[in-house]
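According to mature numbering (1 follows the signal peptide of the UniProt record, and there is no 0), the sequence shown holds residues -21 to -1, 1 to 206 in order.
Below: one structure, written as structure tokens.
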Amino acid sequence: MKLKKIASLMLAGVMAMSMLAGCKTVDNSGNNGNDDVVVTPSASAIVTAVNNGQSATNDVKVDFTSDASLDAALTKAVEAVGDRDGRNELDRYMSDLTGVRVGISEVLKTTGVTSKDHKFWFHEWTEYEVDTKMDGKVITEMDVIRIDKALSEDAALRMAAAQIDKVVAQLVGTTYGNFAADDKYADYAYAGTVSMVSAENVNGTTSYFVAYTLTQTTSIKTLAPQA
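Here you go:
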């Protein structure tokens, strides 16, 4: 498969003749054979969809914004992979282009806080420890979603928002409440970026690709002393 890039000027000569004749141009330039895929950046509706799609019962509300560099990286990665079902390949491209790890895992943790369960006879309790060196720690991770069976862009937006909401629902806002007075605890602030492109495949179907980042910032605080 080859990538057909949208341009404002028509190519002359043999290319124009090939197009008029309805023929495909064979390209041996090593562009991964994706010239039959058209990638079109989607509108910023993905930002609104993801922000509005977060459940009110979530512990954390993340304000997602658009990011031109993420838009460019996602477009370039999808152009490179084309309509091949290459999830690992797409992840690798996105990681290389952005420098951000693909896979949401570390931001879901209570950074700087560890717990250990204890049991003695009929007594059970949990001890928490706080690493003050984690104050100000910033972690950014990314994930990429491919949607192939959406009936429309609106449907793809809803599907992407629902998947991202499942991740946001796992975020922890604070460990306050697990500690006694004078103890330290951790608060977490989150921010996100999101981008979406659509790819028209050579078989006439449309795939939608969504990339989003989550950034967690840790703040170590101390509970007020008891009076």
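Quick reminder that beta carbons are idealized off the backbone N, C-alpha and C, glycines included.
Between A29 and the rest of its own chain, which residues show a CB-CB distance below 6 Å, the 5 nearest in sequence each way excluded?
As written in the sequence, residue 29 is Val, which differs from the Ala given in the question. So the qualifying residues of the chain are F43, A140, I143, V173.
Can you give the beta carbon distance from V189 to I25, rounded, assuming they're within the 8 Å contact cut?
6 Å
6 Å CB neighbourhood of V41 in its chain, flanking five on each side removed:
V147, Y169, G171
Residues near T111 by beta carbon distance below 6 Å, same chain, minus five either side:
I199
Whole angstroms is fine: what's the gap from S(-4)'s alpha carbon to S177's?
Low local confidence applies: a pLDDT of 40 at S(-4) is under 50, so the model's placement there is unreliable, with the coordinate-based value given in what follows. Approximately 26 Å between the Cα atoms of the pair.
Would you call the CB atoms of G91 and M113 closer than 8 Å?
yes
Can you tell me where the beta strand (DSSP E) with L193 in it begins and where it stops?
185 to 201
Considering only residues of the same chain and omitting the five flanking positions on each side of T93, which have a CB-CB separation below 6 Å?
E108
Which ranges does the alpha helix (DSSP H) cover as unbroken runs of at least 4 residues, wholly within the stretch 49 to 81, from first to last along the chain?
66 to 77
What separation, rounded to the nearest whole angstrom, lies between the Cα atoms of V117 and Q195?
6 Å
Would you mind reading off the limits of the alpha helix (DSSP H) that contains A170?
Per DSSP, A170 belongs to no alpha helix (DSSP H); it is in the beta strand (DSSP E), 163 to 179.
Have a look at T197, E106, T19 and flag the residue whose alpha-carbon is nearest the alpha-carbon of T119.
T197
If you draw a straight line from the C-alpha of V123 to the C-alpha of M175, how long is it?
10 Å
Assign residue 207 to one of two classes, buried (16 or more other C-beta atoms within 10 Å of its C-beta) or exposed (fewer than that).
The structure shown does not extend to residue 207, since the chain is modelled only from -21 to 206, so the question has no answer here.
With DSSP as the reference, please indicate the residues paired to Y107 in a beta bridge.
S94
Opening and closing residue of the beta strand (DSSP E) in which I143 lies:
Here I143 belongs to no beta strand (DSSP E); instead the alpha helix (DSSP H) covers 132 to 147.
One question on the structure: do Y164 and L202 come within less than 8 Å of each other, judged by their Cβ atoms?
yes
If you measure between the beta carbons of T36 and A52, is that distance less than 8 Å?
no
Simplified DSSP assignment, three categories, for I118:
strand
Let me know if Y187 comes out buried or exposed under the rule of 16 or more other beta-carbons within 10 Å of its beta-carbon.
buried
Can you tell me the Cα-Cα spacing of D75 and T19, whole angstroms?
21 Å
Where the alpha helix (DSSP H) through N31 begins and ends
24 to 31
Tell me the DSSP secondary structure of V123 in three-state form.
strand
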